[in-house]
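Residues in the sequence shown are numbered consecutively from 1, following UniProt numbering.
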Amino acid sequence: MTYVIIHALAPIFVIMLLGFWAGKTKKVDNQNVSLLNVFVMDFALPAALFSATVQTPWVGIIAQSPLLLILTLSMWITYAAVYFLSVKVFKKSPQDAAVLTLTVALPNYAALGLPILGSVLGEGPSTSLSVAVSIACGSVLLTPFCLLILEREKARAAGENQGSTLSMLPVLMWRSLKNPIVWGPLLGVILSAIGIKMPDLVLYALKPLGLAATAAALFLTGVILSARKLKINAVVILATLTKLLIQPAIAWVLVVIFGIQGPVAVTGVLMIALAAGFFGVVFGNRFGVQSPDAEAVLLFSSILSILSLPLFISLTSGM
Numbered sequence: 001m002t003y004v005i006i007h008a009l010a011p012i013f014v015i016m017l018l019g020f021w022a023g024k025t026k027k028v029d030n031q032n033v034s035l036l037n038v039f040v041m042d043f044a045l046p047a048a049l050f051s052a053t054v055q056t057p058w059v060g061i062i063a064q065s066p067l068l069l070i071l072t073l074s075m076w077i078t079y080a081a082v083y084f085l086s087v088k089v090f091k092k093s094p095q096d097a098a099v100l101t102l103t104v105a106l107p108n109y110a111a112l113g114l115p116i117l118g119s120v121l122g123e124g125p126s127t128s129l130s131v132a133v134s135i136a137c138g139s140v141l142l143t144p145f146c147l148l149i150l151e152r153e154k155a156r157a158a159g160e161n162q163g164s165t166l167s168m169l170p171v172l173m174w175r176s177l178k179n180p181i182v183w184g185p186l187l188g189v190i191l192s193a194i195g196i197k198m199p200d201l202v203l204y205a206l207k208p209l210g211l212a213a214t215a216a217a218l219f220l221t222g223v224i225l226s227a228r229k230l231k232i233n234a235v236v237i238l239a240t241l242t243k244l245l246i247q248p249a250i251a252w253v254l255v256v257i258f259g260i261q262g263p264v265a266v267t268g269v270l271m272i273a274l275a276a277g278f279f280g281v282v283f284g285n286r287f288g289v290q291s292p293d294a295e296a297v298l299l300f301s302s303i304l305s306i307l308s309l310p311l312f313i314s315l316t317s318g319m
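Structure below.
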């Protein structure tokens, strides 16, 4: 099992290392990655998320409602707790806290979901559907929280509105919805729900862009990391432990509370037990927010998940 996990993590480290090397050697300007960020955030990732969600049958999404419940609650509880601690205890700015929180709360479904879940439950249509549902859940039901906070602070910094978050909410929601990373997967879910099937030609045309999404995002992350000096501190340690141990434990408790058993229970716990995803770091860079702690959590959780994932795979073996 350890080999399977290392095999799944290998592409992540290799591509991030290439980005890191490119940034350090100045083959890529690691101080100005706006063009690469636009490609990842406005084109590649939205195309990948749209393709994943529009091809997910609505009947299949409804059938996976127990999984959606576990994933959503686990991510929301973690997001609320980490954001509160970041702002109130560690005195981080709302922007920094939002980026760190999204990094902790949103697992790396896109890169790790299928290899890990396939090795435990076997590869097949049901496994692929579960991973697609997980990706849709994270992109539609969690990432907008981070975007709302970043847009709010951006508006306040520009002096556009100094009112309460509630009074700014309509404008912030509209700005978030205009972001391709939000409306891409949301449009896919809506089309799936109303039964509109995308022409094969459209999906075929988008496929190369979608395939480039994860690799481009990981490469960009490596470039960003090359411009930073990662430090281990109390925030990084607590956030990494939360991602690898506390959040999966929350998912485990929810599974028990709701009486969910079988493959759905295993999927819910293992999807949440995955290492931190790259969305937070990439989002922050797009808004000019640097969060060394989020970047450190991304790196350390990916490394240490080699130890934590076997633990939760063993714990879920009897479900």
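Ideal Cβ positions, reconstructed from N, Cα and C, are used throughout, including at glycine.
Environment of residue i [buried if 16+ CB atoms lie within 10 Å]
i	result
Phe50	buried
Tyr204	exposed
Ile250	buried
Thr267	buried
Glu123	exposed
Asn285	buried
Tyr3	exposed
Ser130	buried
Val99	buried
Phe312	buried
Val189	buried
Pro208	exposed
Of the residues the options, the one placed nearest residue i, counting alpha carbons only
i	options	result
Glu151	Met173, Asn32, Ala47 and Met75	Met173
Thr143	Trp21, Thr267, Ser302 and Pro107	Pro107
Trp21	Leu220, Leu9 and Leu241	Leu220
Leu304	Gly259, Leu245, Gly318 and Leu270	Leu245
Arg228	Met16, Ile6, His7 and Asn30	Asn30
Ala132	Met16, Ser291 and Gln64	Gln64
Val235	Val189, Leu69, Ala97 and Ile15	Ala97
Lys92	Asp293, Phe312 and Ser302	Asp293
Ala157	Phe287, Met198 and Asp200	Phe287
Through-space distance from residue j to residue i, alpha-carbon basis
i	j	result
Leu102	Ser134	15 Å
Leu141	Leu71	10 Å
Leu191	Leu36	29 Å
Pro94	Cys146	10 Å
Ile149	Ala110	24 Å
Val89	Ile196	48 Å
Gly222	Leu315	33 Å
Ala81	Ser308	21 Å
Pro11	Ala265	27 Å
Ile272	Phe43	26 Å
Val289	Gly280	10 Å
Leu206	Phe300	33 Å
Ala317	Leu270	According to the sequence shown, residue 317 is Ser rather than Ala. Taking the straight line from one Cα to the other gives about 11 Å.
Ala73	Pro66	Inspection of the sequence shows that residue 73 is occupied by Leu rather than by Ala. Answer to the nearest angstrom: the Cα atoms are 11 Å apart.
Ala239	Gly277	13 Å
Val33	Leu114	29 Å
Leu211	Ala47	9 Å
Phe39	Ile232	31 Å
Thr78	Gly262	24 Å
Range covered by the alpha helix (DSSP H) that runs through residue i
i	result
Glu123	Glu123 -> no alpha helix (DSSP H), and no H or E assigned at all.
Gly210	Asp200 to Ser226
Asn37	Ser34 to Val38
Gly60	Trp58 to Ala63
Ser279	The sequence given here places Phe at residue 279; Ser does not occur at that position. Phe279 to Arg286 is the span of the alpha helix (DSSP H), which, as asked, contains Phe279.
Asp42	Asp42 -> no alpha helix (DSSP H), and no H or E assigned at all.
Val255	Gln247 to Ile257
Pro107	Careful: Pro107 lies outside any alpha helix (DSSP H) and carries neither H nor E.
Leu187	Pro180 to Ala193
Val297	Pro292 to Leu315
Thr240	Ala234 to Leu241
Closer than 7 Å: residue i CB and nearest the ligand MG heavy atom
i	result
Pro11	Although the ligand MG was asked about, the structure shown includes no ligands whatsoever.
The segment 241 to 257 in contact with the segment 38 to 54 per 3-pair CB rule at 8 Å: No: the two stretches stay apart, fewer than three of their Cβ pairs being nearer than 8 Å.
Would you call the segment 56 to 71 in contact with the segment 209 to 220, where contact means no fewer than 3 C-beta pairs closer than 8 Å? Counting C-beta pairs with one atom in each stretch, the segment 56 to 71 and the segment 209 to 220 have fewer than three that are closer than 8 Å, which means they do not touch.
Can we say the segment 117 to 130 touches the segment 24 to 42, given the rule of at least three CB pairs closer than 8 Å? At 8 Å Cβ cutoff, the stretches do not touch.
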